[in-house]
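Protein chains in written order, with my numbering: chain B, 5 to 347; chain R, 5 to 347; chain Y, 5 to 347; chain V, 5 to 347.
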C-alpha cells in the first residue's frame with residue numbers, strides 16, 4: 005500500500021439500524037499477519053441479523069463493530085515472520101482464527117476452538133472496510149483467474165464443502181438440499197461437483213429454485229405447492245440449509261438407511277426430529293459450525309465446476325452498506341449482494 | 005437331541021394378554037442352520053409390548069407367534085453344509101438373520117437389511133420354547149465358563165456394544181448414560197470396559213441407580229431429585245437409553261464440542277432436540293437399530309469386565325412366561341427376568 | 005434363451021498352451037442365480053498367465069477350466085428365488101461370489117472371504133463361453149446405453165475404483181500412477197473422475213503413455229528416459245500398477261507426508277520398500293485384492309467420465325481365444341483385447 | 005524458582021563421545037511458554053546414537069547441544085499469556101512443538117509439521133539440564149500420584165499409544181509385538197490396556213522377554229531359538245518395534261486378512277516386505293513418526309494399567325549422563341535408564 009495512507013474508511017455498526025462510515029487507522033499486521041486490501045465482501049444473513057437485532061444468540065454487540073466476513077483481496081503488507089505471501093498475492097480470507105493450541109485445534113477441528121476470533125462476531129471487526137489484517141495461514145492464495153467476488157464467496161462455499169464433507173457426499177450420492185438460499189446453492193453445487201448422481205433442491209422461492217435448476221439441480225421441489233412428503237425420492241444425504249422446522253423434519257424422513265443428515269440452516273434453539281426414523285435407518289445426524297480445512301477444496305471447486313459469480317445479484321460501494329443490509333428484506337430476488345470497499 | 009423327541013413345548017402369543025403353552029414340532033434345520041436346545045431366554049421390553057399391545061409400530065401380530073429373542077443354548081442338531089459347530093457346542097444366539105446379499109449386508113451393515121428375519125418380530129417365531137433353528141453364522145460359540153443366562157444376555161449387551169461403537173467410546177471418554185434399565189446398565193458397563201474415565205448414569209429409579217453404582221458407575225444422578233441441567237458434567241458421549249424426551253434433550257445439552265450422541269431408547273415418533281447446541285458443538289447424533297458384528301466384542305467383555313448374571317433378578321419356567329411378561333409392571337425392582345424353557 | 009439350446013460352446017484350457025473349444029451343457033441356475041448370455045469378455049493378464057504356466061501362485065490348474073473373468077451380457081434365465089432381474093436385463097458380472105456369512109463378508113470386506121469362488125480361478129470356470137450362471141447380487145444391471153464391452157470392463161475399472169477408494173483419492177488429490185497398462189489406465193481415469201487435480205502416469209511403453217495422455221493424464225513420464233527420482237512431483241497418492249520393484253520403490257519416495265500408497269500391481273513375493281521414508285512421512289501403504297462394493301461407483305463412472313471402450317484394441321470370437329491369449333506377447337500396442345463368445 | 009538462581013547446569017554434547025557439564029543461563033519463557041524444573045529424563049536410543057555418531061540421518065550436530073527428550077518436572081515460571089498452568093503444577097513434557105499453522109498442524113497431524121522443533125534434535129536443546137522452557141500446550145499436567153520418572157516416560161508410552169492408535173487396537177485384538185525394548189514393552193502394555201485379547205512378544209533378549217511376560221504378555225517368543233515362521237499365531241496387528249529386517253518380514257507374514265502393520269522400529273533406509281502377503285490379505289501398513297495428541301490417553305493409561313516405573317532399571321545424576329549414555333552398550337539388562345538433573 006502507499007506508505008502515506010495510514011487511514012481508511014470503514015462501515016461501522018454502532019447500534020441496530022445504525023451504520024456509520026468512518027475514518028479509521030489502517031490496522032498494522034502483527035507477527036505472522038498480513039495486511040489485505042479488501043476487494044469484495046459478500047453479505048451474509050448473519051450481517052443482516054446483527055444489523056437488525058444487535059445480537060445473535062449470546063453474541064451481543066457491546067461496542068461499535070465492522071460487519072462482513074466473506075472477503076477477498078490482495079496482500080499489501082506483511083508483519084514479522086510472514087513467510088507464505090509476497091506483496092501482491094491475491095487471497096481469499098478465512099475469517100476465523102483459532103488459538104491453534106487447544107485440544108480442538110490440535111486434533112484438526114479448529115472450528116470448535118473456544119477462543120476463536122471470527123470476523124464480525126463481537127468484539128472482532130469484520131471486512132466492510134478498506135483494509136484488514138489476518139494470520140497468513142488464513143489468507144489463502146487464489147489464482148489470478150478468480151474474481152474478487154469469487155474469492156470472497158469461497159467463504160460460503162466453504163460452508164457447503166464442510167457440509168458435504170461431514171455428509172460424506174461422493175460419487176453416485178443422492179442428495180436432498182432443503183433451502184435454496186446462498187448456502188443451499190453452494191451446497192448443491194458442491195454435491196454435484198463431488199459426484200452426486202442426483203441433487204434435489206426444495207424451497208418456496210421460485211426464483212431461487214429456477215437458479216438452482218440452472219446451476220445443475222437434477223430436480224427442484226416447490227414446497228409451497230408440493231410437499232416433500234409427497235415425494236418418493238429416497239436420499240442418501242440431507243443437507244438442511246433452510247432452518248425451517250417443517251423442511252427439517254420432512255427432509256429427514258426422505259433419507260434412507262445408513263444415510264446422513266447435516267443441519268446447516270439455523271432454526272432456533274430446539275427442533276423436532278423424527279426419532280424413530282433416525283433410529284430405524286441409523287441415520288448419522290450432525291450440525292455444522294463454520295468449517296475446517298475447507299479452502300483447498302473450495303478453491304479447487306471454484307476453479308472448476310462451481311460458479312460463484314452466478315450467485316452475485318447486487319454490488320454496492322462502502323457508502324451503500326446500509327442499502328445492502330436492507331436489500332434482502334426488500335427484494336426477494338436478491339441472492340448474494342457484495343460490497344466493494346475500495347473507492 | 006434324543007431322536008425320538010419330535011415335539012416340544014412353546015409359549016405362544018395368540019393375542020394381547022393371551023399366551024398359550026402348546027406342543028409344536030421341533031423345527032428342522034435347513035442347510036447352514038443348527039438346531040439349538042434353548043437354555044435361557046431374557047425377557048425384553050419389546051416382548052412385554054407385543055404381549056400388551058399385539059404390535060410395535062408397523063409390526064403387527066397377525067398370527068400366533070412365540071416371543072423371546074435373547075437366547076443361549078446348545079447345538080443339538082446340524083443341517084446340511086454346517087461346518088462351524090459340533091454337536092454339544094454351547095452358543096449365544098444373534099436373533100436376526102439378514103438376506104446376506106443386499107447392499108447393506110454386503111457393506112457390513114446387515115442390521116439395516118430390509119429382509120431381516122428377526123426372532124419374535126411378526127411373523128418370525130422367537131425363543132420362548134425348547135428348540136430353535138438358526139443360521140450357524142449367527143449362533144456364536146461361547147466358552148463353557150459362561151452361564152446360559154449370560155449367553156442369552158449377550159444380546160442386550162450387544163445393544164450396548166453397538167451404542168459404544170457408534171459413539172466411539174474409548175480410553176478416557178467421559179460418558180453420560182441416561183436411563184439405567186437393562187440396556188443402560190450394559191451400555192454403562194461396556195463404556196467402562198472400553199476405557200471410559202467417567203460414566204455418569206441418570207434415572208428416576210433409585211434401585212436401578214444403586215445397581216448402576218455397584219456395577220461401576222462413577223456417578224449416579226437421581227433425576228427425580230436433581231435435574232441433569234444442574235450438573236456441570238461435560239460429556240464426550242451421551243448414550244440415551246431411557247426413551248424419555250426430557251432426558252434426551254437435557255442429556256444432549258451435557259455433551260461438549262465434537263461429542264457423540266447415540267439414541268438407543270425408543271421414545272416415540274418425534275423428539276425435540278437442541279438444534280443450536282448440536283450445531284455449535286458439531287455433535288454427531290445417531291440412533292441405533294439392533295447391532296452388527298458385535299458378538300465377538302460382547303463375548304470378550306462378558307468373559308471379563310462385564311457382569312451379565314448380576315442383571316438377572318428373576319427366573320421362570322416355560323409355564324410361567326405370562327408371569328414373567330407381567331412382572332415389570334408389578335415389580336419395579338425387576339431388572340432382567342429370564343425364562344428357562346427346558347423342563 | 006431358446007428352450008431347445010441345451011448345449012453351448014466354451015473355450016477350455018486343458019493344459020498350458022492348450023485351449024480346446026468344446027460343446028458343454030448350458031449351466032442351470034441354482035436358487036438366487038441367473039443365467040447370463042455372455043456378450044463380451046475382457047482378456048486379463050491372469051488369463052495369459054494361466055494359459056502359459058497353468059498356475060498362479062498356489063492356484064494350480066488340476067482339471068480343464070474355462071478362462072475369462074471380465075464379462076458382460078444379458079439375463080436369459082432365472083433360478084428360484086431370483087427377485088432382482090427380469091429376463092432381458094443387461095448386466096455386468098462381478099466374477100467372485102463369497103460365502104456371505106464369514107466374518108469378512110459380514111463386515112463388508114467380502115473380497116477377503118476365504119471361501120470366495122472366483123471365475124477362472126481353479127477349479128471355478130470363467131466366461132470364455134456362451135452362457136454362465138451367477139448369484140443375482142453379483143450380476144449388476146447396466147444402462148442400455150452401455151456397450152457389452154464396457155459392461156465387461158467394469159471389472160478392471162473396479163480394480164481402479166477399489167485402489168482409489170483405499171487411497172482416499174478426492175477433490176484436489178495429486179496422484180502418481182506407476183504403470184499404464186489397462187489397470188493403470190482405469191486407475192488414472194478413476195482418479196481424475198474423483199476430482200484429482202493432478203495425475204502423473206509413468207511407464208516405459210510410449211504408446212500406452214500416449215493413450216494415458218489422451219485419456220487425461222496431466223503429465224506422463226517415460227521412465228525409459230527420465231527416472232521418477234528426477235521428478236520434483238510430490239504426490240498425495242501412489243497407485244502402483246506396474247508390479248515393477250524399481251517403480252514401486254521410486255514411486256513411494258515421491259509420496260509426501262500423510263500420503264497413501266496402494267500396491268495394485270503384482271510384483272512377486274517380496275519387494276523392497278523405503279522404510280525410513282514411509283515412517284518419516286507416515287504413509288499409509290496397502291495392497292489391494294480384487295475389490296468390494298465397487299460396481300455402483302464403476303457404473304456411475306463408466307456412464308460419465310471414464311471411457312472404457314477406448315481401451316479395447318482387439319476383438320476376437322470364441323474360436324480365436326488362443327489367438328487373443330498370445331496377442332499381448334506378440335503386439336505391444338495391445339491394451340485390452342476382448343472376446344465375443346456368441347456365434 | 006528462586007529469583008536469584010539465574011544459571012543452571014546442563015550436560016552438553018560437544019562432539020561424539022564428548023559430554024561436558026556446563027553452567028548455562030536458565031532459559032526465559034516466551035509468551036505461551038512455561039519454565040519447567042526438570043525432575044527426571046529418560047534416556048532413549050536416539051540420545052545414544054547422537055552421542056556415538058553426532059548425527060541421525062540428515063540431522064547433524066553442528067553446535068553443542070543438550071540431549072534428552074523424555075522429561076517430567078514442575079512448572080516454576082510462566083511467560084506472558086500463559087493461562088493453563090499455575091506455578092507448582094507437575095507436568096510431563098511433549099518434546100516437540102510444531103508451527104501450529106501449516107496444513108498438517110491444522111488437520112490434526114502436527115507430528116508431520118515440517119517446522120517442528122523437537123528436543124535434542126539439532127539445533128534444539130533437550131532436557132539433560134535443570135530447567136527447560138516449553139509451550140504450555142505441550143506441558144501436560146499429571147496427577148500428583150504419578151512419579152517424575154513416570155511423567156518422563158509418558159513420552160515413550162506415547163510412541164506405543166500412537167502405534168496402537170494407528171493399528172486400531174481394540175477389544176479382542178490379537179497383537180504381535182516384535183522387539184521387547186522399551187518401546188516394545190510400552191506398546192505391549194498399551195495393547196493390553198486397550199483390550200487386546202492376545203499379545204505375543206518376540207525378541208532375542210531373554211531378560212526382556214521375561215519382563216514382557218511379567219508385564220502381561222500372553223506369550224513370548226525367543227526368536228533366537230524359535231522362528232516366528234514356526235508359529236501358528238495369526239495376528240490382527242503387528243507392532244514392529246525391533247527395526248530388524250527379518251523380524252519385520254516374518255512378523256508381517258503372521259498378520260491375517262484385513263490386518264494392520266505399524267512399523268515403529270527404525271531399520272534403515274529400505275526393508276524387504278512380503279508384497280504378495282500384504283496384497284492378498286489387504287494389510288494396512290504404516291510407519292509412525294513420533295505421535296500426535298497422545299498424552300491424554302497416555303496419562304490415563306499410566307494412571308491405571310500401564311506400569312512405567314517398572315521399566316526404569318538405572319538412575320543417574322546430571323554428572324553421570326555420559327555413564328548413562330554408555331550403559332546400554334555395557335549392560336544388556338538395562339531397559340530404561342533415567343537421569344535426575346536436580347542436584
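Ideal Cβ placement from N, Cα and C applies to all residues, glycine included.
Anything in chain Y within Cβ reach of residue i, meaning under 8 Å, just list it in chain order.
i, result
"residue 199 of chain B", "197, 198, 199, 304"
"residue 141 of chain R", "105, 106, 110"
Could you give the DSSP three-state label for residue i: helix, strand or coil?
i, result
"residue 333 of chain V", "helix"
"residue 290 of chain R", "strand"
"residue 325 of chain Y", "helix"
"residue 223 of chain R", "strand"
"residue 35 of chain V", "coil"
"residue 18 of chain Y", "strand"
"residue 98 of chain B", "coil"
"residue 196 of chain R", "helix"
"residue 314 of chain B", "helix"
"residue 217 of chain R", "helix"
"residue 187 of chain Y", "helix"
"residue 170 of chain B", "helix"
"residue 5 of chain R", "Residue placement at residue 5 of chain R is poorly supported in this model, since its pLDDT is 47, which falls under 50; the coordinates still yield a value, given next. Of the three classes helix, strand and coil, the one that applies to residue 5 of chain R here is coil, per DSSP."
"residue 338 of chain R", "coil"
So with CB distances below 7 Å, who are the chain R contacts of residue i?
i, result
"residue 286 of chain B", "116, 290, 291, 292, 293"
DSSP beta-bridge partners for residue i?
i, result
"residue 182 of chain V", "V:206, V:244"
"residue 320 of chain Y", "Y:343"
"residue 12 of chain Y", "Y:28"
"residue 267 of chain V", "V:244, V:291"
"residue 40 of chain V", "V:79, V:136"
"residue 277 of chain B", "R:275"
"residue 259 of chain Y", "Y:239"
Take residue i as the anchor and find which of the options has the nearest alpha-carbon.
i, options, result
"residue 222 of chain V", "V:339, V:52, V:214", "V:214"
"residue 33 of chain Y", "Y:218, Y:135, Y:335, Y:182", "Y:135"
"residue 199 of chain Y", "Y:11, Y:216, Y:173", "Y:173"
"residue 275 of chain Y", "Y:300, Y:248, Y:284, Y:298", "Y:248"
"residue 74 of chain B", "B:129, B:290, B:241", "B:129"
"residue 176 of chain R", "R:103, R:240, R:254", "R:240"
"residue 254 of chain R", "R:183, R:145, R:79", "R:183"
"residue 43 of chain V", "V:54, V:288, V:146, V:236", "V:146"
Residue i touches chain B at which residues, Cβ-Cβ below 8 Å?
i, result
"residue 300 of chain Y", "176"
Mind pulling the chain V residues with CB within less than 7 Å of residue i?
i, result
"residue 111 of chain B", "112, 297"
Quick one: list the residues of chain B neighbouring residue i, beta-carbon separation under 7 Å, in chain order.
i, result
"residue 104 of chain V", "104, 105"
"residue 18 of chain V", "Near residue 18 of chain V there are no residues of chain B at all, since even the closest Cβ is about 31 Å away, more than 7 Å."
Determine, for residue i, whether the minimum Cβ-Cβ distance to residues of chain A falls below 9 Å.
i, result
"residue 281 of chain B", "Within the model displayed, chain A is absent; protein chains B, R, Y and V are what it includes."
I want to verify the contact list: residues of chain Y whose CB lies under 9 Å from the CB of residue i, in sequence order.
i, result
"residue 276 of chain V", "274, 275, 276, 277"
Open item on the list: To test your reading of the DSSP string, which unbroken alpha helix (DSSP H) runs of 4 or more residues are found completely within the segment 48-89 of chain V?
Closed with: 49-57
Open item on the list: In chain order, what are the residue ranges of uninterrupted beta strand (DSSP E) at least 3 long that sit wholly in the segment 85-167 of chain R?
Closed with: 94-97, 135-139, 143-145
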